[in-house]
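Protein sequences appear in the order of chains W and V. For what it's worth, this note's numbering labels the leading residue of the first sequence as 42, then goes sequentially. For what it's worth, this note's numbering labels the leading residue of the second sequence as 42, then goes sequentially.
Number of protein chains: 2
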Amino acid sequence: MATIKDIAQYTGLSITTVSIVLNGKGARISKEAIKRIEEAKKILNYEPNMLASSLRKGSTNIIGIVVSDLHPYFIRLAQLIERDIAQYGYQVLIVGSDESDEKCEAMIDNFINFRVAGMVLAVTSGLKQRIVRLNKQRIPFVMIDRYFKGVTANVVLLDNFRSAYNAVDFLIKKGRTRIATFHYDTQMHHMQDRMDGYKAALKDNGIRFNKKLAPTISFSEANAIEINGMIKEMVEVYGADAIFFQTNRAALPGIDAIFNLHYKVPEQLAILCFHDNDFFKLVKPSITAQCQPLEELAKECVNILLSEIKGELKSKVRRVFPATILNERDST
Amino acid sequence: MATIKDIAQYTGLSITTVSIVLNGKGARISKEAIKRIEEAKKILNYEPNMLASSLRKGSTNIIGIVVSDLHPYFIRLAQLIERDIAQYGYQVLIVGSDESDEKCEAMIDNFINFRVAGMVLAVTSGLKQRIVRLNKQRIPFVMIDRYFKGVTANVVLLDNFRSAYNAVDFLIKKGRTRIATFHYDTQMHHMQDRMDGYKAALKDNGIRFNKKLAPTISFSEANAIEINGMIKEMVEVYGADAIFFQTNRAALPGIDAIFNLHYKVPEQLAILCFHDNDFFKLVKPSITAQCQPLEELAKECVNILLSEIKGELKSKVRRVFPATILNERDST
DNA sequence: ATGAAAGCGCTAACAC
DNA sequence: GTGTTAGCGCTTTCAT
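Here it is, written out as structure tokens:
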């Protein structure tokens with residue numbers, strides 16, 4: 042593949058001149074030289090080698106995003122981040138770890154090895170030590186949605202406690218008293234916050250927390266058969282009159298189960314999901330869900346990242362975004 | 042950030058020795074040296090610089106995937122490709138062009154600038170010349186799903202003609218005679234193939250093609266209001282008794298419209314989609330859709346890419362995958 | 001078993 | 001306006 046050296050030889054100019062022109066800093070170079078260089082570039086099918094230029098410059102213009110899963114929520118977030126940060130000349134690359142600690146860590150390492158300018162991380166639960174080490178490595182990064190207690194780092198997240206609280210409170214105000222949910226077998230604080238919000242809303246409304254209405258399931262995978270059985274038990278044995286799905290990974294098989302069991306929604310059983318989805322308005326009855334302030338999350342990520350890259354950030358930032366609005370539909 | 046030079050200084054060994062050990066080729070290096078190097082690596086928080094090593098080696102281990110849109114179909118495909126090609130030591134990076142020619146071309150350029158080992162491309166319609174140039178640049182790549190007539194390149198795709206043919210034939214066998222669809226305003230051959238399959242199935246069953254039942258809409262964006270109006274006209278003016286959605290971008294607002302218009306599905310109007318979606322079985326009535334041989338597509342992509350990278354491919358390959366199976370549900 | 005040195009393609013400080 | 005040169009961090013050939 043052609044190099045600037047080839048262009049220099051072809052045009053009879055020096056490497057420097059070629060480099061200056063190719064980088065658009067050709068103000069002080071003669072029109073004649075510029076023309077010849079542009080011509081040679083086309084003819085030789087020149088493609089700049091970012092490995093070389095980034096190595097030399099000591100940095101890339103890439104922002105690496107590692108998310109736990111490539112679901113629509115994170116894809117959308119990445120697109121918003123991309124849109125915002127493109128103005129500053131950065132490109133965005135997104136990878137998904139499938140909730141695997143090993144993959145997540147490997148992906149972070151890969152980004153570092155490629156000397157990305159910064160990272161946005163929605164990490165898996167086992168990454169605490171890696172995040173601590175990231176700080177030592179002085180690499181600009183922002184955690185998103187997920188964080189670790191006792192670890193100082195920039196973090197941007199939803200108010201998971203408040204969102205869950207509001208959701209459950211909403212159901213109670215609608216007259217529901219036996220609100221079921223799934224408890225996830227994870228150490229991730231964002232999930233614990235949601236569970237705490239659920240419990241707090243019950244308590245503030247004088248309803249006792251009932252463990253039978255919050256059975257534990259796997260966070261990283263949804264076993265449809267297991268979920269089906271649990272829902273049947275919640276409703277038929279423990280009299281659940283509403284289900285609050287904290288994740289869509291469980292909501293999809295869950296809603297499928299509810300429909301197959303032919304419970305009357307919302308009369309017998311109300312449904313409310315933490316995250317919205319395009320299809321929730323298509324389903325009959327349509328599903329009530331919360332909608333997240335993704336734009337603000339993205340904007341804040343970009344702000345923090347840019348300050349961190351420029352070295353303007355004196356101390357780490359923690360931003361929590363207000364509880365989410367409810368898209369009320371037929372299921373509640 | 043620490044370099045191998047730092048490790049060399051710290052351990053008192055040479056750069057060469059450190060490099061050999063860090064690359065796991067330390068068979069001929071003393072245990073003692075290896076131990077000291079591993080230790081220094083931890084203490085100094087060393088991270089290899091891929092920019093430098095790739096520059097030196099002349100290649101990266103990255104496979105770049107550019108897709109027209111980050112929807113579930115391509116995400117899934119990318120995951121399958123990743124799984125298959127990881128065994129050969131490659132990593133996968135996926136980006137979406139949002140059906141924009143400029144972004145698509147810029148993303149390909151970026152990958153080339155980073156000297157990816159190969160690319161998988163589902164390009165936008167204006168990229169014909171760029172693909173021609175890619176061939177000249179001798180970069181290993183495989184086109185997927187989308188291709189250009191008259192351009193020699195590796196391509197792996199669904200049998201779009203056959204799939205559409207089978208879908209429409211299926212509807213006819215079910216007794217439908219006035220099958221509507223949307224015609225897309227794009228030059229992409231994969232879409233034209235689908236349209237041709239639609240027409241051929243009608244013809245083979247003795248049904249005349251009716252332009253009123255195949256109005257033209259934008260390929261890259263779905264205007265819900267426009268689609269709503271068109272469906273109303275198809276059904277109420279031109280008596281459509283079935284709709285074949287060739288893309289899910291149109292299917293989502295389309296199905297929404299059908300439900301809102303309260304047509305009886307499938308009695309009055311049958312629905313069939315080219316691509317499946319997790320939610321199609323949740324919707325009432327559930328939506329019949331085709332399912333694509335994604336595993337095979339991914340596997341073939343990987344095979345071709347690996348051969349191309351190794352330089353084993355004598356001539357370009359074109360692989361068309363058999364018509365897709367139908368997931369029959371309540372909407373037909 | 002270990003080291004010296006060249007060079008991958010590029011940028012930038014400096015010289016003319 | 002244009003050229004010379006050093007060096008980014010690494011791998012690899014060739015010595016020792």
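Ideal placement from N, C-alpha and C gives every residue a C-beta, glycine not left out.
Residue i Cβ short of 8 Å to the ligand SAH heavy atom set
i	result
W/Met275	This structure simply doesn't include the ligand SAH, nor any ligand for that matter.
Euclidean distance between Cα positions of residue i and residue j
i	j	result
V/Leu323	V/Phe202	28 Å
V/Ile104	W/Tyr51	32 Å
V/Lys144	V/Gln170	15 Å
V/Glu262	V/Asn86	48 Å
V/Glu336	V/Ile299	33 Å
V/Gln132	W/Val278	49 Å
W/Gly238	V/Pro363	51 Å
V/Ile213	V/Thr288	20 Å
W/Thr329	V/Pro307	26 Å
V/Gln233	V/Ala127	34 Å
V/Lys76	V/Glu88	17 Å
V/Ser327	W/Glu267	23 Å
V/Lys355	V/Leu162	20 Å
W/Asn269	W/Leu254	14 Å
V/Lys72	V/Lys82	15 Å
V/Ile135	W/Asn90	20 Å
W/Asp319	W/Asn368	12 Å
V/Ile258	W/Leu121	27 Å
V/Thr222	V/Asp150	36 Å
Residue i, DSSP secondary structure in three states
i	result
V/Leu302	coil
W/Met42	coil
W/Gly280	coil
V/Val59	helix
W/Asn246	coil
V/Leu377	Because chain V spans 42 through 373 in this model, residue 377 of chain V falls outside it and cannot be assessed.
W/Met229	coil
V/Val192	coil
V/Val324	coil
W/Val209	helix
W/Val358	coil
Contact belief for residue i with residue j at Cβ below 8 Å, rounded distance in angstroms
i	j	result
W/Pro181	W/Glu349	4 Å
V/Ala283	V/Arg217	4 Å
W/Leu175	W/Asp186	With 8 Å as the limit, W/Leu175 and W/Asp186 do not qualify as a contact, their Cβ atoms being about 17 Å apart.
Beta bridge counterpart(s) of residue i as assigned by DSSP
i	result
V/His112	In DSSP, V/His112 forms no bridge with anything.
W/His224	W/Thr257
V/Cys314	V/Phe286, V/Ala330
W/Asn86	Its beta-bridge partners do not exist; DSSP assigns none.
W/Phe202	DSSP output for W/Phe202 lists no bridge partner at all.
V/Gln132	V/Ile103
W/Gly137	W/Val108
V/Met160	V/Gly105, V/Phe182
W/Val197	W/Ile185, W/Arg360
Interface flag, residue i vs chain V, CB-CB below 9 Å
i	result
W/Gly352	no
W/Lys357	no
W/Phe320	yes
W/Gly65	no
W/Leu121	no
W/Pro89	yes
W/Ser60	no
W/Gly167	no
W/Val108	no
W/Ser95	yes
W/Met42	yes
W/Leu92	yes
Contact with chain W by residue i, beta-carbon distance below 9 Å
i	result
V/Gln132	yes
V/Ala158	no
V/Ile272	no
V/Gln178	yes
V/Arg174	yes
V/Lys46	no
V/Asp125	no
V/Leu293	yes
V/Asn154	yes
V/Phe300	yes
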